Amino acid sequence: MLTLIHLYPREMNIYGDTGNIRVLARRLAWRGIEACVEPVTVGGPMPTAADIVLGGGGQDAAQGEIGADFVARASTLRAMADDGVVFLAICGSYQLLGHEFVTQEGVRIPGVGVLDVTTHGSPTRLIGNNHVDTADAGRLVGYENHSGLTTLGSGVRPLGRTESGRGNNGSDRTEGAVRDNVFGTYLHGPVLAKSPRFADELLRRALARHGHSQELEPLDDSLAEQAAAVAVGRPR
Ligand code: GLN
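In numbering that gives the first Met the number 0, the protein residues as written are 0 to 235.
Here it is in structure tokens:
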């Protein structure tokens, strides 16, 4: 059994990001492995023994609502990341996994410092379908919509490269950030529904921590691959 922590399902779930949890749970079930999903709410308990931590996107206001609660959990989250727990953080959660997000209005929302990234709001939103070529899991396909521009520090590497001119900041063609088993990305959609290799890479890493090193049983991903191909053909 794998335990999946779902951070702030009420505040941080735009563009279908909760679907990432459903994709992981379903891909485990198809292989006869149980998933236990633990939602974490503002002020609520958080299990410390988890395998995968997932957080979705949220508008600036929602990030403000969860900000203080999230920062109060910073040392626990950093210890989990250091221990090899797998993280997938999308957009607003990705920004807050970093050092800080400073909104366009100059409001500073501190992050938890799990990823060495910093984000500043800008007047231009980066919007559209995007695909990203990665070393970890091939092509990822999703949708992005954010005003925050993210700069990567030396403690992370980019998740991948985008040709669209959007991604982390619209200028250096990087998308997302990775350190150890922690992944941040701007791709909504939910990204895992159109990026099955990435879903399995997260599961493979989580299972490897339990000593399961055998290959995951292959699944029929033809529908997901068709959906990805259609999205790649529609840049906006
Ligand atoms: N509020 C953040 C921004 O616009 C994150 C938005 C999101 O999660 N889609 O940059």
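Beta carbons: idealized from backbone N, C-alpha and C, even for Gly. Computed from a prediction, not measured in an experiment: that's the story for all the values here.
- Annotation: the continuous beta strand (DSSP E) that includes residue 38 extends over 34-39.
- The closest CA to that of residue 101, considering only 220, 60, 129, is found on 60.
- Around residue 65, the same chain offers 7, 10, 11, 41 as residues with beta carbons nearer than 7 Å, after the five sequence neighbours per side are excluded.
- DSSP places residue 63 within a helical segment (H, G or I) once states are collapsed to three.
- Distances taken from the Cβ of residue 168 to the heavy atoms of the ligand GLN include none shorter than 7 Å.
- Runs of beta strand (DSSP E) with 3 or more residues, each lying fully within the stretch 169-209, are found at 176-178, 181-184, listed in chain order.
- Considered as a whole, the stretch 57-126 harbours 85-89, 99-101, 107-109 as its complete beta strand (DSSP E) runs of no fewer than 3 residues, in chain order.
- The beta-carbon distance between residue 201 and residue 143, rounded to whole angstroms, is 19 Å. This is too long to meet the 8 Å contact definition.
- By DSSP's assignment, residue 6 forms a beta bridge with 39, 54.
- In this structure, residue 36 keeps its C-beta atom at 8 Å or more from the C-beta atom of residue 45.
- Of the candidates 56, 234, 79, 76, 56 places its Cα closest to the Cα of residue 94.
- Setting aside the 5 residues that flank it on each side, residue 135 is surrounded in the same chain by 200, each with a C-beta closer than 6 Å to its C-beta; the list follows chain order.
- DSSP, reduced to helix, strand and coil, places residue 218 outside both helices and strands of the structure shown, so it counts as coil.
- Remark: the shortest separation between the CB of residue 5 and any heavy atom of the ligand GLN does not fall under 7 Å.
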